[in-house]
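Worksheet for the structure shown next.
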Amino acid sequence: MRNIKLTLAYDGSEYAGWQVQPNGPSVQACVETAIEQLTQQRSPVLVAGRTDAGVHALGQVASFQTDSTI
Numbered sequence: 001m002r003n004i005k006l007t008l009a010y011d012g013s014e015y016a017g018w019q020v021q022p023n024g025p026s027v028q029a030c031v032e033t034a035i036e037q038l039t040q041q042r043s044p045v046l047v048a049g050r051t052d053a054g055v056h057a058l059g060q061v062a063s064f065q066t067d068s069t070i
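In our numbering, the protein residues as written are 1 to 70.
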């Protein structure tokens, strides 16, 4: 299994923050959905910090593990 590092930038205006929330869309859910579409595997994303609702990020570091050959 490989560990893949991501460096992310996003406009958080339309998100309820990084962490999955019951009250709205989260950046984490969007990233995990994109990874699953790319790798055909569910992979939880670990992140070095979280943003609150409406907060943007530039250079946020995250990682996930996969057996995929991407």
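Each residue gets a CB set at the ideal place from its N, CA and C atoms; glycine is no exception.
Counting the other CB atoms within 10 Å of its CB gives Q28 a total of 16 or more, which places it among the buried residues. In this structure, G24 and G54 do not form a Cβ contact; the two beta carbons are roughly 10 Å apart against a cut-off of 8 Å.
Counting C-beta atoms within 10 angstroms of its own C-beta, I70 has fewer than 16 neighbours from the protein chains shown and is therefore classed as exposed. Restricted to the stretch 18-48, the alpha helix (DSSP H) segments that are unbroken, complete and at least 4 residues in length are 27-39, listed in chain order. Here DSSP, grouped into helix, strand and coil, assigns S13 to helix.
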